[in-house]
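Read through the structure below, which is laid out as structure tokens, and then see the notes.
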Amino acid sequence: CTICTIDPDARILLAGLAPTVEAGPQNLSDVRYLEQLYQAGAAPYFDIIVGKPYGFDTGPDDRRTDEAVLNFSRLFLLREVAVEYGDADKPVWASHWGWNALPQGWAGALSVWGQTDEATQAARTVAALGRARAEWPWVGALILENFQPAVPLDDPRWGFALLGPEGDPRPVYGAVAAWAAALPDAAPVGGYQAQNRWATYDGDWRVGPLGADAGSDSDRVTFQLDGVSIALTVRRGPYRAFLYATVDGEPANALPRDEAGRAYVVLYDSKPSIATVPLATDLSPGPHVVEIVTERGQGQWSLVDWRVGTGPLHDGYGWKMTGLVVTGLALAALLARDARRVGWGALGQRFLAWPEWAQAASIAGLTCLLWVAAGNTWGCSLLLTPYSLLGLLTLPVLVALFSLRLDLGLVLVAFTAPFYLHPGNMLYRALSMPELLLVLCGIGGIVALRTCRLANLRISQLDWAVLLLVLAAMAAGVTAADKLAALFELRTVFLIPAVYYVLLRLTRLDNRARWRVVDGFVLGAVAVAAIGLAQYALGRNVVLAEGGLPRLRSVYHSPNSVGLYLGRAWPLLVAVAVWSGQGHRRLLYGLALLPVTLALGLCFSRGALLLGLPAALLVMGWRAGGRYRWTALTLVLVGMLALIPLLRVPRFASLLDLREGSAFFRIKLWRSSLALIREHPWFGVGPGNFLTAYRTRYVLPSAWQEFNLGHPHNIYLDHWTRLGLPGLLAGAAVQIAFWRKMRQRPKRDALALGLAGGMAALLAHGLVDNTLFFPDLALTFFLLLALVQPSEFRYLPRK
């Protein structure tokens, strides 16, 4: 505009909008008038919204915000319109407001703004000022209707006056003056730029439009506030820097603390970002002093602004998530009802008449076709190509085949579990291959219900424990800060793997079918080992660890993931090779044990080699009893002695270094995780939220070398930080129920021994690494839980 061109610092006020409830045509509601201004494109032509929130006949405690109600809270409706049209940064002023109090015996015109006595007028006015100061940080100037109006003596505007016709102060004048005089010289509720009258910078600070930039370590800034909470907006990025904060000389209560008890703010993030960090909450009403001391971060302009508040705000995603789940269940029920109407009949019988090998080969071939077609096209282009069409056509065919042979679908899920990262762009990153197969298996299972029904349905203690674990994860997901990350991990680690568990429990799996699922799991592990060994031999896709030690990585991003996954399959291979009575399977598992063991060794996973595998051997030997106990103990001792030379290798030598080695960082990580738990004991930070919370809030300054840690490297801390106390208790309930089921199995049953060893490896390795919170680990975890229980259901044909 012309004014702004001449004076860039000028601010254009919108004319004060008079309150009215009329919708036209003579008069138009102030709320609708502002909406029409935005619709007409007027937003760029005013800087401040102005209303007239007269109190009329109710006090400032009347919090109704309705277009049909005239009260002081009506100003909030104008604010809502601005927010709706993306104009939330504009302040809202009041050009005229107050309560009308005409003197007794008034003979002039009547007030159209309501009427009250002078004492009530004074009390309501200061209460309104207090409410706006405490609750409305978006409010600017609140200009009372009149100081001493220049109108005839019979004009009802004298009811708003602060001074009477003779210049005598009225009660409202004294009340407002006393209220203003009692205000502390501190920032009230609201947001403030880095440079403001209440911020004092000491040191080599630079302050400008971007915020404030520290010039050296130990630069200080103090900020005076009048509120019960304070937050600091910071500019984060891939740099090492910290801020230390105190409130009234004490460590800020909303921040984690380092070893010295100092409250600190982490300025690191994997990419540039701006975040508002709560420093302190639940402060006593009144003035407070915040002091910030810097450590590094020069040139980053890390301090952006200050935020004074009345308390934490909470979003409303909980009910939205609940509605989404209910809608999904309703759609699933409708899908199940419609699927039962489909007639498969003769075609299905023909397929089931094929030889076993032909059925397996056809399903495996179609799965490979889907894998290749979807991986090459579905994540690359939205255009239909022959490959993408071919991939789409395989989906209904696989659903139909899985409805006839669901056991083979479950075998394929077990086989593909470790390949969830490949191809990375599959289905536009919406579903991995094992997840897609599980969805198809689930639909196929629903379709299969048209031909038979479950009888003798008994829910075991382990079933209940699994349900509690999933519910705990869902509850934690609802409370998570990053809902998208929580929903992703909730789907990949709990919901879809739980579907796998349910299908394994409800599908008709005789002994041969159960072993086929185990074979699929083992075959996938052998494939991981074979790929990794081939890469290792060629010197490709290996990771150079401490001292230049090459580590096998195979299909994963980290060699530790190889140790985690193969560590669950290795006990099954050992158990079958030693205790199985089936000659051909015993031989094949014994042969498969060689590449898997070699791959485990070459991945140099300390958790697998020093904890997981020894624990598996000891548990299997103890359970088998007799001479196997002493044999297992001897093998573990011999293995430990054989590993002693590895202590000369830097990767293993660092285990003993508590000053800067991996053990040092584990201890720091666990301290940070405990700090997180203290702040989020009930629901944790939610699934998928640990990485962001850790690297931007809880990482200790002394552990700055490892900001990007995605989990606490401990099974107990992992459950508690992600799922809260209910998740930790549910995880314990799952383990108790699992081992109770294990006690009911024959002591030298090869499958039971392998499952026990796999769970022991999971628990032992989980003391220092992940256990559950990757898709492949989650699928194998629920696989172990399902296979430890015999099928207890009967199936009856539908009439």
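The numbering of the sequence shown is the numbering used here, which starts it at 9 and goes up by one.
Note that the Cβ used here is the ideal one computed from N, Cα and C, for glycine as well.
Owing to the predicted nature of the structure, the values given are computational and were not obtained by experimental measurement.
At least 9 angstroms separates the beta-carbon of Val-501 from that of Ala-740. Close CB contacts of Gly-575 within its chain, under the 6 angstroms cut and outside five residues either way in sequence, are with Ala-616, Gly-620, Ala-769 and His-773 (chain order). Collapsing the DSSP output to three states places Phe-782 in coil.
The beta-bridge partner set that DSSP reports for Trp-314 consists of Tyr-200 and Leu-240.
Where Ile-57 is concerned, the enclosing beta strand (DSSP E) starts and stops at 57 to 59. In this structure Val-525 is in contact with Ala-422, their Cβ atoms being roughly 5 angstroms apart against a cut-off of 8 angstroms. In this structure, Ser-799 places its C-beta atom within 9 angstroms of the C-beta atom of Arg-513.
Cα atoms of Trp-101 and Val-39: separation of roughly 14 angstroms, rounded to the nearest angstrom. The C-alpha of Trp-578 is placed about 18 angstroms away from the C-alpha of Met-648.
Ranked by Cα distance from Ile-56, the first of Pro-33, Ala-18 and Pro-173 is Ala-18.
When DSSP reads this structure, Leu-25 sits in a beta bridge with Gly-59. Using a Cβ distance threshold of 9 angstroms, Met-482 and Val-333 count as a contacting pair. The Cβ atoms of Ser-562 and Ala-745 lie no closer than 9 angstroms to each other. Selection Trp-166, Thr-729, Asp-162 and Ala-96 evaluated against Asp-125 yields Trp-166 as nearest (Cα-Cα). If you compare the alpha carbons of Asp-277, Val-273, Ala-533 and Leu-86 with that of Trp-146, the shortest gap goes to Leu-86.
Within the stretch 597 to 659, complete alpha helix (DSSP H) segments of at least 4 residues are found at 621 to 632 and 635 to 651, given in chain order.
Between the alpha carbons of Ser-670 and Ala-650 lies a distance of about 22 angstroms. With a cutoff of 9 angstroms on beta-carbon distance, Thr-487 and Gly-694 are scored as near each other. Approximately 7 angstroms separates the beta-carbon atoms of Asp-70 and Phe-80; this is inside 8 angstroms, confirming the contact.
Put simply, the backbone Cα of Leu-677 is about 25 angstroms away from that of Gly-556. In this structure, DSSP gives Gln-232 an extended state, which the three-state scheme calls strand. Every unbroken stretch of the alpha helix (DSSP H) spanning 4 or more residues and falling wholly within the stretch 511 to 590 is given here in chain order: 519 to 546 and 567 to 587. DSSP places Glu-75 in no beta strand (DSSP E); its state is neither H nor E. Exposed is the label assigned to Arg-205, since fewer than 16 other Cβ atoms lie within 10 Å of its Cβ. Bounds of the beta strand (DSSP E) holding Asp-221 are 219 to 221.
Within the same chain, Val-215, Gly-219, Ala-220, Leu-311, Val-312 and Asp-313 come within 7 angstroms of Ala-202 by CB-CB distance, once the 5 residues on both sides are set aside. Burial of Glu-497 is indicated by the presence of at least 16 other C-beta atoms within 10 angstroms of its C-beta. Ala-607 places its beta carbon less than 9 angstroms from that of Gly-540. Ala-288 and Thr-254 have their C-alpha atoms some 9 angstroms from each other.
Membership of Glu-88 in the alpha helix (DSSP H) is indicated by the continuous run 82 to 92.
When the beta-carbon positions are compared, Leu-414 and Ala-368 stay at least 9 angstroms from each other.
Here the alpha carbon of Leu-795 sits roughly 12 angstroms from the alpha carbon of Ala-758. For Arg-499, no pairing in a beta bridge is given by DSSP. Looking at Ala-189, Pro-173, Ala-169 and Gly-305, the one whose alpha-carbon comes closest to that of Val-180 is Ala-169.
Under the three-state reduction of DSSP, Ile-151 is assigned to coil, being neither helix nor strand. By the 16-neighbour rule on beta-carbons within 10 angstroms, Asp-97 is exposed.
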